[in-house]
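Everything on this sheet refers to the single structure shown next.
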Amino acid sequence: MKNNIELDAPASDLSDTGKVAADKTLRVVQRFSLAMALFTSSISLGISVFAGLQRADSIEEQVWSVATSVVAVLCMHLSLMLCRFVSRGARCALVALWLLATVVVLRGQVDVLSSANMHAADKRAQTVPLVAVPPVVTETVGRGLTAITKDIAKVSIDLAHVEARRCVSECRDVRIRKVELSAALAALNAEATEAKRRATEQDWLRDQASRAEALRESRRANPATSMFAYWLGTTETRLDLLLNFVCVLVLEGAACAAWYFAIPKPVRSSRVAVVCDRNTTVPQREAVASIPEATPVSRAGPSATHVATVAEDEIFENDAGGSSIVSDDDLLVKKIREAVVAGRLRRNLVSIRKFLGCAQSDAIRLNRLYIARFGKAGSPRPAPIS
73 MKNNIELDAP ASDLSDTGKV AADKTLRVVQ RFSLAMALFT SSISLGISVF AGLQRADSIE
133 EQVWSVATSV VAVLCMHLSL MLCRFVSRGA RCALVALWLL ATVVVLRGQV DVLSSANMHA
193 ADKRAQTVPL VAVPPVVTET VGRGLTAITK DIAKVSIDLA HVEARRCVSE CRDVRIRKVE
253 LSAALAALNA EATEAKRRAT EQDWLRDQAS RAEALRESRR ANPATSMFAY WLGTTETRLD
313 LLLNFVCVLV LEGAACAAWY FAIPKPVRSS RVAVVCDRNT TVPQREAVAS IPEATPVSRA
373 GPSATHVATV AEDEIFENDA GGSSIVSDDD LLVKKIREAV VAGRLRRNLV SIRKFLGCAQ
433 SDAIRLNRLY IARFGKAGSP RPAPIS
């Protein structure tokens with residue numbers, strides 16, 4: 073009679089499908105990261121080139137300034153990614169270089185955004201029409217009202233003296249003098265009226281020009297920034313600088329992160345990877361143990377158990393012999409299997425923890441390895457007594 077003990081490994085199709093799905097997801101993430109890295113780096117390079125052009129005057133100075141800005145951007149974006157491929161000492165050097173490049177890049181890009189804010193403010197101010205102030209308003213035309221008032225007072229006094237005279241005869245000279253003073257007083261009054269009108273007009277034009285200038289200055293301010301600055305108790309200039317700095321940090325942070333994930337991490341061989349690969353590639357085996365038909369009842373169970381144990385041990389040793397590395401988990405799984413076959417252990421998490429004195433996470437891992445190698449079959453039961 074043949075006793076077939078099937079040692080079924082878990083279906084490799086499911087694990088292979090999960091691995092393929094994980095690989096596809098990783099490729100999608102890497103492609104998306106690469107596209108985002110190229111997009112953000114192109115934006116950062118454009119801003120840095122513009123900043124380099126603004127910092128210089130002549131063509132030669134602009135060329136060197138732009139070259140410095142481009143090198144700083146490339147160094148900032150690629151330094152963190154290269155840290156994964158170099159030794160620890162080189163990583164420290166790359167991190168220091170990244171910090172210096174960050175200062176250079178942030179300074180140039182913040183300058184560009186600040187200039188853009190100023191140009192936008194000038195454009196908003198141009199929407200207010202200019203009030204043309206004629207030169208008459210700024211220049212003094214004719215005599216002032218004070219001088220005219222003094223002349224009026226003098227003529228009025230002279231006229232009062234003339235009128236106070238008493239004349240016995242015709243007093244022709246007195247009448248002529250009185251007429252002259254009256255005419256001079258009328259002319260002075262007319263001149264004073266004209267001076268008042270001219271002063272009023274000049275005041276009105278100056279007021280219109282002042283209002284237009286105040287409106288132009290108010291249009292220069294960004295309404296949203298002004299409101300937030302008022303709520304935060306700070307000035308609009310400081311808040312603009314802070315917002316520009318935040319925008320640059322978001323752009324450069326996204327670029328550095330995208331480049332970091334765009335290139336796959338180098339694969340390193342490890343003992344755990346070898347063990348897992350060996351466990352997942354164990355083929356389905358069938359151990360055939362010959363059990364005599366006529367066997368005493370008292371020895372039937374132990375004999376079958378002993379034969380099965382020997383067969384399982386041989387299979388385990390043959391599987392492990394293909395690799396020169398035997399992990400601790402393999403030894404523990406072998407120990408659990410021997411205890412289960414001998415009937416000293418029931419395969420569950422509580423029994424494994426008590427048997428090995430390990431943590432819950434270790435018991436879960438060993439239980440999964442046991443199921444992957446020997447299947448979900450429980451402890452072998454002794455043969456019934458016939």
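Residue numbers (the numbering used here): 73 to 458. Note that beta-carbon positions come from the ideal geometry of N, C-alpha and C, so glycine has one too.
As assigned by DSSP and simplified to three states, the class of residue i
i    : result
P201 : coil
L417 : coil
T112 : helix
T307 : coil
E127 : The residue you asked about is not Glu; residue 127 is Arg in the sequence shown. In this structure, R127 counts as coil in the three-state DSSP scheme.
P336 : coil
V92  : helix
A293 : coil
R278 : helix
C430 : coil
C463 : As shown, the chain starts at 73 and ends at 458. That puts residue 463 outside it, with no answer to give.
S238 : With the sequence shown as reference, residue 238 is identified as Arg, and Ser is not the correct amino acid for it. Three-state result, R238: coil.
S159 : coil
P364 : No answer about P364 holds up, because its pLDDT of 40 lies below 50 and its placement is not dependable.
G180 : helix
C243 : coil
G447 : coil
S399 : coil
A214 : A small correction: the amino acid at residue 214 is Gly; Ala does not occupy that position in the sequence shown. The answer is coil: DSSP assigns G214 none of H, G, I, E or B.
Assigned exposure category for residue i - 16 Cβ within 10 Å defines buried
i    : result
Y442 : buried
D279 : exposed
N189 : buried
V177 : buried
T89  : exposed
G124 : buried
A144 : buried
G180 : buried
V184 : buried
L445 : Position check: residue 445 holds Arg in this sequence, whereas Leu was assumed. By the neighbour-count rule (16 or more Cβ atoms within 10 Å), R445 is buried.
L253 : buried
Residue i versus the options, residue with shortest Cα-Cα distance
i    : options                : result
S120 : S141, R127, A296, F157 : S141
V320 : I115, G447, A128, W276 : I115
S228 : C243, C239, A259       : A259
N261 : D434, T218, L403       : T218
M148 : R288, A301, I224, A168 : A168
V200 : R288, A165, A139, Q432 : R288
S151 : M299, L311, W170, K268 : W170
K222 : C243, E263, V251, Y302 : E263
G216 : Q432, A93, L311, T272  : T272
G214 : S186, L202, R269       : R269
N294 : L277, D275, S186       : S186
Length of the line joining the Cα atoms of residue i and residue j
i    : j    : result
E410 : T97  : 40 Å
L315 : S130 : 31 Å
L110 : A334 : 10 Å
L313 : L304 : 14 Å
S137 : D400 : 60 Å
Y332 : G325 : 11 Å
V347 : Q134 : Because the pLDDT at V347 is just 40, under 50, the model does not fix this residue reliably, and the point stays unresolved.
A296 : A284 : 22 Å
A267 : C239 : 38 Å
F427 : L417 : 8 Å
R99  : M153 : 17 Å
V246 : A255 : 14 Å
V92  : H191 : 53 Å
Q102 : P336 : 7 Å
T307 : I220 : 50 Å
R419 : A94  : 31 Å
P160 : G447 : Correcting the residue identity first, residue 160 is Arg in this sequence and not Pro. Each residue's alpha carbon lies about 44 Å from the other.
L166 : S433 : 38 Å
Contacts around residue i, its chain only, beta-carbon distance under 6 Å, and the 5 residues preceding and following it disregarded
i    : result
A193 : R292
R163 : C155
R249 : V234
A173 : A144, C147, M148
S105 : A330, F333, A334
Own chain residues within Cβ distance below 7 Å of residue i, not counting five before or after
i    : result
A435 : L421, I424, R425
A327 : A109, T112, S113, S116, H149
A127 : Before going on, a small fix: residue 127 reads as Arg here, not Ala. S137, listed in sequence order.
R196 : R291, R292
Contacting residues, own chain, Cβ-Cβ under 8 Å from residue i (five flanking each side not counted)
i    : result
L257 : I224, V227, S228, L231
F317 : L178, V182
L438 : D401, L404, V405, I408, I424, L428, C430
A139 : G124
L311 : T297, F300, A301, L304
Residue i Cβ short of 7 Å to the ligand SAH heavy atom set
i    : result
A168 : Annotation note on the ligand SAH: not contained in the displayed structure, which lists no ligands.
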